[in-house]
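Enquirer:
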Amino acid sequence: MIIRRLRPDLTGKIGDGDRLRDDLGLDSLHSMELFSEVTEKYEVDIEVEHLQDVRTVGDVVSFLETVLV
Amino acid sequence: MKALVVGGTGFVGMNVARSLARAGHDVHATRKEHTNTLFARKLGVPLVRADLDNEASLVEAMRGREVVFMCAGHYPRWSLDPEREVDLARGRIRRALDAARRARVQRFVLTSSIATVGPPRAGERSDEDDPIDPRALRSVYHRVKLAIEEEVLGDALDAVVLLPTAIVGELDVKAGTGFLIVALANNKLPFFVDGKVNVVDADDVARAHILAAERGRSHARYVVAGHDMTVRQLLERVAERASVPMPAAVPGWLAAFAATFAEMRCAAARDGGRPFLSRELVDVVRLGQWVRGDLAARELGLPEPIPFEVTLHKAWSWYRRHRYIPSAEGDRHGPDSPRPNSTRPRGDHPAFAAGPHG
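Residue numbers (the working numbering), protein chains in the order written: chain A, 2 to 70; chain B, 832 to 1189.
(1) Which residue or residues does DSSP assign as beta-bridge partners of I998 of chain B?
(2) Which residues of chain B have a Cβ atom closer than 8 angstroms to the Cβ of E34 of chain A, listed in chain order?
(3) Please return the same chain residues whose Cβ sits closer than 6 angstroms to the Cβ of P1106 of chain B, not counting the five positions on each side in sequence.
(4) Expressed to the nearest angstrom, what Euclidean distance is found between the alpha-carbon atoms of I4 of chain A and M1077 of chain B?
(5) If you run the structure through DSSP and keep just helix, strand and coil, what is V1081 of chain B?
(6) Please report the residue range of the alpha helix (DSSP H) in which D1003 of chain B lies.
(7) Under 6 angstroms Cβ to Cβ from V879 of chain B, same chain only, skipping five residues before and after it: list those, please.
(8) So, is M2 of chain A buried or exposed, given that buried needs 16 or more other C-beta atoms within 10 angstroms?
(9) According to DSSP, is Y972 of chain B part of a helix, a strand, or is it coil?
(10) Tell me which residues share the same chain as E104 of chain A and place their Cβ nearer than 6 angstroms to its Cβ, disregarding the 5 neighbours each side in the sequence.
(11) Can you find the residues in the same chain that come closer than 7 angstroms, C-beta to C-beta, to R925 of chain B, ignoring five residues on each side of it along the sequence?
(12) Using a Cβ-Cβ cut-off of 8 angstroms, state whether H1153 of chain B counts as contacting chain A.
(13) Within this structure, are the beta carbons of I945 of chain B and D1034 of chain B separated by less than 8 angstroms?
(14) Contact check, F900 of chain B vs H1050 of chain B under 8 angstroms by CB: the rounded distance?
(15) Considering only C-alpha positions, which residue in the set B:T942, B:A1044 and B:A1089 is nearest to A1021 of chain B?
(16) Can you confirm whether K1005 of chain B, when its beta carbon is compared against all beta carbons of chain A, has any partner nearer than 8 angstroms?
(17) Any Cβ of chain B within less than 8 angstroms of the Cβ of E38 of chain A?
(18) Does any C-beta atom of chain D lie closer than 8 angstroms to the C-beta of R5 of chain A?
(19) Examine chain B for any beta-carbon lying closer than 8 angstroms to the beta-carbon of V49 of chain A, and answer yes or no.
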């Protein structure tokens, strides 16, 4: 839902393997906003530096699973 | 003081909020519903939701606050429809002024821009009394800034207007003036437009805001100045630090044409993409000038500006810590280059997609 708000022109299903930049067209500002919203939603605190290796939708999910443990 | 920073997730707003908190003031900051709060959340300043398009939310945020620091405002993303942008800007600042009155705010400090100051009537440096260059009225960025100031200075509310020059420092999330630094450090600045620029430290700008609230004359405008230089000189310092070659200088008219074309392409695509070069950046450089900060020194007690090398070092360290620029010489890669480790720069960083977002 957040990704579709950031890129309202996206059509079709968004999958775990979709790359944030290359497939979904999210630049770094978009990606930071995405992380800002999901970390607020799940009430976790993160260091921005740790986001740099997150490349796909699946990485976002894995990242959250890691910090929520 | 009990303060509210409107625009508490932006570059200036975060610096002002941080300085207020460090000085022991009771400060809240606003955020929009959907925005990047990753950095603002770490400042230890309570964030409250408010939107310039929703007056009730502004009143609620301002209630009980003595001073409002207006570090947000309509920021024209496009230069293709100036009348619409100016109307939006006027509407949003009016809502903020009306909200401040309804919330019984005592003082309103506006972060404006040196863009509303024109070339010097005499000598080499401009000051608050130099009217805007008529040529600047063809720039939507300049027109928007002027319109916002007109609304604030024409209002009966006790207000002070600050005119910072090109701000460089920490927390520059969207790389405003820092676009030049970030792009060149990544060796992704193919050309530049030379011109006059004055660079001021974000901490000096934050200090000026607090002093303006405490000592500023009502309805006065104050230039917040740092150091005069040319864009070329600024870039040479960055190139030396980053060990990258200097880009080529191009005429301002050519860059303006390229920026307008880039905006038109993005507008036509309707996909939320950003132009690779913003018209605002080009206009600011083309119409840039050197300035004097005497009035702020005299009336606000603003001290001598932080040395430029210190400012550059602080900004550099912040950008590097957050991977906007390479952490070491060997880490510089383009977006399609191999990325061997986690210290690589981001090839898709906003600095390469949009220019300043200030």
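For every residue, glycine included, the Cβ atom is placed at its ideal position computed from N, Cα and C.
Expert: Straight from the coordinates:
(1) If you number the second sequence from 1, residue 998 of chain B lands on position 167. Per DSSP, B:V1031.
(2) The residue you call residue 34 of chain A lines up with position 33 of the first sequence. Per Cβ cutoff of 8 angstroms: H865, T866 and N867.
(3) Taking the first residue of the second sequence as position 1, residue 1106 of chain B is located at position 275. Contacts found: A1093, E1094 and C1097.
(4) As a working mapping, residue 4 of chain A is identified with position 3 in the first sequence. As a working mapping, residue 1077 of chain B is identified with position 246 in the second sequence. Each residue's Cα considered, the two are about 37 angstroms apart.
(5) Walking along the second sequence from the start, residue 1081 of chain B turns up at place 250. Reduced to three states, the DSSP call for V1081 of chain B is coil.
(6) For this step, residue 1003 of chain B is matched to residue 172 along the second sequence. DSSP places D1003 of chain B in no alpha helix (DSSP H); its state is neither H nor E.
(7) Counting from one through the second sequence, the residue named residue 879 of chain B turns up at place 48. Contacts found: H859, T861 and A892.
(8) If you number the first sequence from 1, residue 2 of chain A lands on position 1. Label assigned to M2 of chain A: exposed.
(9) By 1-based counting over the second sequence, the position of residue 972 of chain B is 141. Shown here, Y972 of chain B sits in a helix according to DSSP, grouped into three states.
(10) The structure shown does not extend to residue 104 of chain A, since chain A is modelled only from 2 through 70, so no value can be given for it.
(11) Along the second sequence, read from residue 1 onward, the residue named residue 925 of chain B stands at position 94. A distance below 7 angstroms between beta-carbons, with the five flanking residues on each side excluded, links R925 of chain B to the following residues of its chain, in chain order: E982.
(12) Counting from one through the second sequence, the residue named residue 1153 of chain B turns up at place 322. So yes, H1153 of chain B belongs to the interface.
(13) Taking the first residue of the second sequence as 1, we reach residue 945 of chain B at position 114. Taking the first residue of the second sequence as 1, we reach residue 1034 of chain B at position 203. Taking 8 angstroms as the Cβ cut-off, I945 of chain B and D1034 of chain B do not qualify as a contacting pair.
(14) Here residue 900 of chain B corresponds to residue number 69 of the second sequence, with the count starting at 1. Here residue 1050 of chain B corresponds to residue number 219 of the second sequence, with the count starting at 1. At roughly 16 angstroms, the Cβ-Cβ gap does not stay under 8 angstroms, so F900 of chain B and H1050 of chain B are not in contact.
(15) For the purposes of this step, residue 1021 of chain B is taken as residue 190 along the second sequence, with counting starting at 1. Correcting the residue type first, residue 1021 of chain B is Pro in the shown sequence and not Ala. Distance check between P1021 of chain B and each of B:T942, B:A1044 and B:A1089 places B:A1089 closest, using alpha-carbon atoms only.
(16) For the purposes of this step, residue 1005 of chain B is taken as the residue at position 174 of the second sequence. At a cut-off of 8 angstroms between beta carbons, K1005 of chain B contacts chain A.
(17) As a position in the first sequence, residue 38 of chain A is number 37, starting the count at 1. Yes, contact with chain B.
(18) Absent here is chain D; the protein component of the structure consists of chains A and B.
(19) The residue given as residue 49 of chain A occupies position 48 in the first sequence. With respect to chain B, the C-beta atom of V49 of chain A has a partner C-beta closer than 8 angstroms.
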